[in-house]
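A.B. asks: Got a structure for you, written out below as structure tokens; questions coming shortly.
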Amino acid sequence: MKDEENLIERRKNEHIHIVVHKPTSSAISSYFEYVQLIHRALPQVDFSEIDLSTSFFGKKIDAPIMIAGMTGGTKLAKKLNKIIAQAAETLNIPMGVG
């Protein structure tokens, strides 16, 4: 049982290592390379007046975005999740866990 737990922990840490150290790409296209955005400046809009805040499960958040849960179960994952959680708290956006 202990060997299996060590294997799982090692694999989880390998996943983190791959994301951090090895660039990945996919042959599948998102087709964004075919999209060209038209620049339309809005000089009359005051950036400080833009409010992206919304409500999420009854709690006010500062932007309609959520950080998805990453991984867990290892000391390294705990450290990374803590850093991500601190960023989410600073930005006042939700973070998935589980």
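In my numbering, the protein residues as written are 45 to 142.
Glycine residues also receive a C-beta, built at the ideal position from the N, C-alpha and C atoms.
#1: Which first and last residues belong to the beta strand (DSSP E) in which Lys103 is found?
#2: If Ile137 and Ile105 are in contact, beta carbons under 8 Å, what's the gap, nearest whole angstrom?
#3: So the alpha helix (DSSP H) Thr115 belongs to, where does it begin and stop?
#4: Considering Cα atoms alone, identify which of Glu93, Phe91, Ala129, Met110 is closest to Phe100.
#5: Kindly indicate which three-state DSSP category Ser70 falls into: helix, strand or coil?
#6: Taking 7 Å as the cut-off, decide whether the C-beta atoms of Leu135 and Asn57 are in contact.
#7: For Ala132, tell me which candidate among Thr118, Gly116, Pro108 has the shortest Cα-Cα distance.
#8: Where does Ser99 fall in DSSP's three states?
C.D. replies: In short:
#1: 103-105
#2: Contact between Ile137 and Ile105 holds, since their C-beta atoms are separated by about 5 Å, short of 8 Å.
#3: It is not in any alpha helix (DSSP H) - Thr115 carries neither H nor E in the DSSP assignment.
#4: Comparing Cα positions, the closest option is Met110.
#5: coil
#6: Annotated as distal: Leu135 and Asn57, with beta-carbon spacing of 7 Å or more.
#7: Pro108
#8: strand
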